[in-house]
Structures are given as structure tokens and as C-alpha cells.
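Residue numbers (the numbering used here): 51 to 302. Cβ atoms here follow ideal geometry from the backbone N, Cα and C, with glycine treated the same way. Quick caveat: nothing in here was measured; it's all calculated off a predicted structure. Here's the structure we're looking at; comments come further down.
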């Protein structure tokens with residue numbers, strides 16, 4: 051199940067199956083997809099946080115449910131819900147933050163990497179462990195291939211090993227690394243507060259521009275950026291920005 055909390059313009063979705071190390075069954079996957087969609091539609095929300103209840107983030111899929119088998123039609127319908135999570139995260143106008151401790155493996159690895167930002171403490175362990183059971187790391191491959199070069203992505207995928215948080219921090223997959231769960235919680239609050247403080251329209255347009263220009267040659271990306279800046283300068287947004295900075299100039 052998914053527990054939802056909302057306060058101070060932040061929505062937190064908590065995977066709440068601690069007895070299963072928060073392994074994802076299909077009901078939880080659908081709840082999570084619906085929760086992300088609802089968060090995007092919530093005008094009061096400026097940031098999404100995804101985490102797990104207890105000592106772990108998400109320990110992959112629920113193998114007890116998966117081993118029961120299903121028809122092709124059922125499997126396709128279930129996987130549609132699963133991929134909807136990552137499509138929604140990618141298209142989201144608001145920043146998404148994964149807060150990770152303990153296991154983030156297989157589907158949990160994918161979920162963390164699908165967010166815009168990853169914060170973790172040193173207990174966190176990541177890996178495409180589905181490969182150990184002969185199951186291709188299909189969605190993990192799609193996500194990691196957009197975040198890393200091919201050699202680093204394939205090392206994470208084909209080794210089928212657990213990697214500690216230090217390793218992922220060194221290769222740029224973790225934004226901030228903390229020594230303890232307590233420091234992680236405090237660091238998360240500060241990190242999220244900085245995101246919430248930003249103008250929502252500026253955040254939305256920056257995210258859209260980043261997605262659109264990621265695969266472009268730099269010359270084409272700069273043309274798009276130039277046109278966006280020109281439109282913003284003539285839209286009245288520059289006056290709003292000046293007022294915003296004047297109002298908040300003492301914030302550090």
C-alpha cells in the first residue's frame with residue numbers, strides 16, 4: 051500500500067509494506083502510479099518525495115506474487131501500470147526526490163533512479179538483482195541508459211551486484227549522501243525546502259527544457275533556450291521575477 055502525506059507544499063508517497071521490505075506488488079504499483087498522477091494535478095504541491103517505510107526503500111518486486119504467474123494480457127496490463135510510474139515521473143512539472151535507506155534493488159533501484167533527485171544515507175544498497183534470477187533488467191536498462199554512459203550502465207546491470215551508496219555517489223547517481231538516517235531526514239527537509247521556494251512556473255519550464263534539449267546538439271539546444279528566454283522577457287515574467295527576488299533577497 052501507499053501512504054500519502056501532504057504538508058507545506060510537499061507531497062510524500064511512502065511505500066508501506068515493511069514486512070516485505072516494501073517489495074512492490076501490483077496493487078501497490080497501481081496505487082503509486084495513481085498517487086504520482088494525483089500529485090501532478092495538485093496545484094498546492096510543489097515537490098514530490100518518494101520513500102519507503104522502515105529500514106528500506108523498496109526491495110524490488112514481490113516475488114511471492116510474481117511467482118504465481120499470469121496470462122499475457124494480465125502481464126501487459128500490469129506492466130502498463132508499472133511503466134506509467136516512470137512516464138509520469140519523467141513528464142512531471144514538479145521535482146521528484148527519492149529518499150533512500152536500506153535496499154533499493156531491482157524495481158526499487160528503478161524507482162529511485164526514475165526520480166529527478168536521489169538522497170541517501172550510507173546504509174543504502176542498490177542493484178539490478180533481477181539479473182541473478184535470469185530476468186532481464188528491462189526498465190532499469192532504459193532508465194540507466196539515460197543517466198550514464200554505456201560502460202557504467204552495463205557494469206551496474208550485468209554485474210548483478212549490490213553497490214553501496216558511496217559508489218553511486220561517485221558516479222553521479224546520488225545527489226547528496228548522509229552519514230545516518232537522522233542526517234538524511236534533516237538533509238531531505240533542507241533540500242526539499244529549497245525546491246519548494248522556487249517559482250513553480252520557472253521549475254516547470256526548466257524541467258521541460260532539460261528534457262527537450264538532453265538529446266540535442268548543443269547549437270540546437272542554445273537556439274531553443276534563446277527563444278524561451280525571449281518569450282519570458284516579453285511575457286511580464288521578468289517583472290514578477292524582480293518582485294520575487296526583492297521579497298526574498300535576504301534568504302540564503
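Only counting the same chain, and skipping five residues up and downstream in sequence, which positions put a Cβ closer than 7 Å to that of residue i?
{"i": "residue 168", "result": "148, 150, 162, 223, 224 and 225"}
{"i": "residue 157", "result": "74, 108, 110 and 111"}
{"i": "residue 197", "result": "163 and 223"}
{"i": "residue 71", "result": "106, 109 and 153"}
To the nearest angstrom, how far is it from the Cα of residue i to the Cα of residue j?
{"i": "residue 153", "j": "residue 68", "result": "12 Å"}
{"i": "residue 184", "j": "residue 219", "result": "28 Å"}
{"i": "residue 280", "j": "residue 267", "result": "20 Å"}
{"i": "residue 176", "j": "residue 209", "result": "12 Å"}
{"i": "residue 128", "j": "residue 77", "result": "9 Å"}
{"i": "residue 229", "j": "residue 123", "result": "45 Å"}
{"i": "residue 155", "j": "residue 216", "result": "15 Å"}
{"i": "residue 92", "j": "residue 56", "result": "10 Å"}
{"i": "residue 205", "j": "residue 179", "result": "12 Å"}
{"i": "residue 182", "j": "residue 211", "result": "9 Å"}
{"i": "residue 231", "j": "residue 214", "result": "15 Å"}
{"i": "residue 133", "j": "residue 173", "result": "27 Å"}
{"i": "residue 234", "j": "residue 114", "result": "31 Å"}
{"i": "residue 347", "j": "residue 125", "result": "In the structure as shown, the chain starts at 51 and stops at 302, and residue 347 therefore has no counterpart that could be examined."}
{"i": "residue 282", "j": "residue 276", "result": "10 Å"}
{"i": "residue 140", "j": "residue 269", "result": "24 Å"}
{"i": "residue 203", "j": "residue 221", "result": "10 Å"}
Between which two residues does the beta strand (DSSP E) carrying residue i extend?
{"i": "residue 73", "result": "Note, residue 73: premise wrong, no beta strand (DSSP E); not H, not E."}
{"i": "residue 144", "result": "Looking at the DSSP string, residue 144 is not in any beta strand (DSSP E), and its letter there is neither H nor E."}
{"i": "residue 55", "result": "52–57"}
{"i": "residue 228", "result": "226–228"}
Which residues bound the alpha helix (DSSP H) around residue i?
{"i": "residue 210", "result": "Where residue 210 is concerned, there is no enclosing alpha helix (DSSP H), given that its DSSP letter is neither H nor E."}
{"i": "residue 192", "result": "188–197"}
{"i": "residue 284", "result": "Element bounds for residue 284: n/a, residue is neither H nor E."}
{"i": "residue 182", "result": "That residue, residue 182, is in no alpha helix (DSSP H); it is neither H nor E in DSSP."}
{"i": "residue 250", "result": "250–263"}
Would you list the one or two residues that DSSP bridges to residue i?
{"i": "residue 177", "result": "155"}
{"i": "residue 109", "result": "155"}
{"i": "residue 65", "result": "52 and 102"}
{"i": "residue 214", "result": "175"}
{"i": "residue 165", "result": "Answer is none; residue 165 lacks a bridge partner."}
{"i": "residue 170", "result": "150 and 227"}
{"i": "residue 16", "result": "Residue coverage of the chain in this structure runs from 51 to 302, which leaves residue 16 outside it and unanswerable."}
Using a Cβ-Cβ cut-off of 8 Å (strictly less than) and excluding sequence neighbours within five positions of residue i, which residues of its own chain qualify?
{"i": "residue 135", "result": "79, 82, 83, 86, 161 and 164"}
{"i": "residue 97", "result": "59, 60, 61, 144, 145, 146, 147, 242, 245 and 246"}
{"i": "residue 138", "result": "83, 86, 87 and 90"}
{"i": "residue 238", "result": "99, 147, 149 and 169"}
{"i": "residue 264", "result": "196"}
{"i": "residue 103", "result": "53, 64, 65, 66, 67, 68 and 72"}
{"i": "residue 274", "result": "259, 262, 263 and 266"}
{"i": "residue 207", "result": "178, 181, 187, 190, 191 and 194"}
{"i": "residue 95", "result": "56, 59, 60, 61, 89 and 144"}
Using a Cβ-based criterion (distance less than 7 Å to any ligand heavy atom), does residue i qualify as near the ligand COA?
{"i": "residue 190", "result": "In the structure shown, the ligand COA is absent, as is every other ligand, since no ligand is present at all."}
Under 6 Å Cβ to Cβ from residue i, same chain only, skipping five residues before and after it: list those, please.
{"i": "residue 52", "result": "63, 81, 82 and 85"}
{"i": "residue 189", "result": "160"}
{"i": "residue 142", "result": "90"}
{"i": "residue 166", "result": "145 and 146"}
{"i": "residue 255", "result": "none"}
{"i": "residue 240", "result": "none"}
{"i": "residue 250", "result": "96"}
{"i": "residue 131", "result": "79, 80 and 83"}
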